[in-house]
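Here the sequence shown is numbered in my numbering, starting from 1 and rising by one per residue.
Here a beta-carbon is modelled for each residue, glycine too, at the ideal position from N, C-alpha and C.
Treat the numbers as computed from the prediction; the structure is a model and nothing was measured.
Report on the structure given below.
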Amino acid sequence: STVATLLAINSDSPPATTTLGAILMDMHLHSGYLPGAIGTIAQLHASFYSEHSGFGVEFEAKVASELAAFCTRMDPARDGLWLAMESDEILGSIVVDGAQADDKGAHLRWFIVSDALRGSGAGKQLLSAAMDFCRNRQYRSVYLWTFDQLQAARHLYEKYGFKLAKEQLGNQWGKEVNEQLFVINDV
């Protein structure tokens, strides 16, 4: 199980100080690693999940250590990392870990958008980039782990064809939650 697939797009609108059009005009996707990405992605996860789900240091450490390990072994022929950027600031991410794609399927991980982008469509753009990558690599299946408190995430996953395959109580993120495995076959 992993942390990687938590999606944080549970807000209805962008912050009052920014218009949705300005966010969409300035936001773009960057493919690949950038300096500071590991720390920023870990911080985005830690801040959101601390506030909304009560996750603590165990969660942040898990995200940071597993993401760092992924980035050091990342192979562009099988793995993908996309960053939602505004100017030079990382405001969202998604990863496809293809290391075990032949056996278990490609693993969708570290999917999050900041409060500044939530509700702007950035999550959809990130997920589309990841799924396009999986189709281009002809991965048979893609899976992700999340938990049942993320209804907006579930809606988006199901829109892309993911099906709930398993539910179980677990504490891999430092707090007991109802973990959910979503899978899509014939990508």
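In the DSSP assignment, what residue or residues form a beta bridge with residue 182?
Here residue 182 is taken as the residue at index 182 of the sequence shown, counted from 1. In DSSP, residue 182 forms a bridge with 144, 164.
Three-pair Cβ contact test at 8 Å for the region 72 to 80 versus the region 110 to 128:
no
Run of the beta strand (DSSP E) containing residue 31, from where it starts to where it stops:
Position 31 of the sequence shown holds residue 31. First-last of the beta strand (DSSP E) with residue 31: 27 to 31.
Leaving out five residues before and five after residue 135 in sequence, what residues of the same chain have Cβ atoms less than 6 Å from its Cβ?
Taking the first residue of the sequence shown as position 1, residue 135 is located at position 135. Excluding positions up to five away in sequence, the list reads 187.
Looking at the structure shown, is residue 58 part of a helix, part of a strand, or coil, going by DSSP?
Position 58 of the sequence shown, counted from the first residue, corresponds to residue 58. Residue state, collapsed to three classes: helix.
Within a Cβ cutoff of 8 Å, which residues of the same chain sit near residue 167, ignoring the five residues on either side of it in sequence?
In the sequence shown, counting from the first residue as 1, residue 167 sits at position 167. For residue 167, where only same-chain residues beyond five positions count, the Cβ hits under 8 Å are 148, 178, 179, 180, 181.
Integer Cβ distance of residue 160 from residue 131, believed to fall under 8 Å:
Here residue 160 corresponds to residue number 160 of the sequence shown, with the count starting at 1. Here residue 131 corresponds to residue number 131 of the sequence shown, with the count starting at 1. The pair is a contact, with the Cβ atoms about 6 Å apart (cut-off 8 Å).
How many angstroms separate the CA atom of residue 10 from the CA atom of residue 118?
Looking up residue 10 in the sequence shown gives position 10. Looking up residue 118 in the sequence shown gives position 118. Confidence at residue 10 is low in this model, with a pLDDT of 36, below 50, so its placement is unreliable and no value can be given for it.
On a Cα-Cα basis, can you pick out the residue from 89, 39, 46, 83 that is closest to residue 69?
Numbered from 1 along the sequence shown, position 69 holds the residue referred to as residue 69. Of 89, 39, 46, 83, the residue nearest in Cα terms is 39.
Grab the span of the beta strand (DSSP E) containing residue 106 for me, first residue to last.
On the sequence shown, residue 106 is found 106 positions in, with the first residue counted as 1. Segment 106 to 113, the beta strand (DSSP E) holding residue 106.
Extent of the continuous beta strand (DSSP E) to which residue 84 belongs
Against the sequence shown, residue 84 aligns to sequence position 84. Per DSSP, residue 84 belongs to the beta strand (DSSP E) from 80 to 86.
Starting from the C-beta of residue 184, find all residues in its chain whose C-beta is less than 6 Å away, skip the five residues before and the five after it, and write them out in chain order.
Within the sequence shown, residue 184 is the residue found at index 184, counting from 1. Only 142, 161, 162 meet the Cβ criterion.
Taking the alpha carbon of residue 103 as the reference point, which residue from 111, 89, 154, 140 has its own alpha carbon closest?
Position 103 of the sequence shown holds residue 103. That would be 140, whose Cα lies nearest to the Cα of residue 103.
Does residue 96 pass the burial test, meaning 16 or more other C-beta atoms within 10 Å, or should it be called exposed?
Within the sequence shown, numbered from 1, the residue matching residue 96 stands at position 96. Classification of residue 96: buried, given that the 10 Å Cβ count is 16 or more.
For a quick check, are the C-beta atoms of residue 126 and residue 84 less than 9 Å apart?
Numbered from its first residue, the sequence shown carries residue 126 at position 126. Numbered from its first residue, the sequence shown carries residue 84 at position 84. Yes, Cβ-Cβ distance for residue 126 and residue 84 is below 9 Å.
Using three-state DSSP, classify residue 170 as helix, strand or coil.
As a first step, residue 170 is located in the sequence shown; it is residue number 170 there, counting from the start. Note: residue 170 maps to strand in three-state DSSP.
CA-to-CA distance, residue 56 to residue 34, given in whole angstroms:
Locating residue 34 in the sequence shown gives position 34, where the first residue counts as 1. Locating residue 56 in the sequence shown gives position 56, where the first residue counts as 1. C-alpha separation (whole angstroms): 26 Å.
With 16 other CB atoms within 10 Å as the buried threshold, where does residue 93 fall?
Taking the sequence shown and counting its residues from 1, the one referred to as residue 93 is at position 93. That one is buried.
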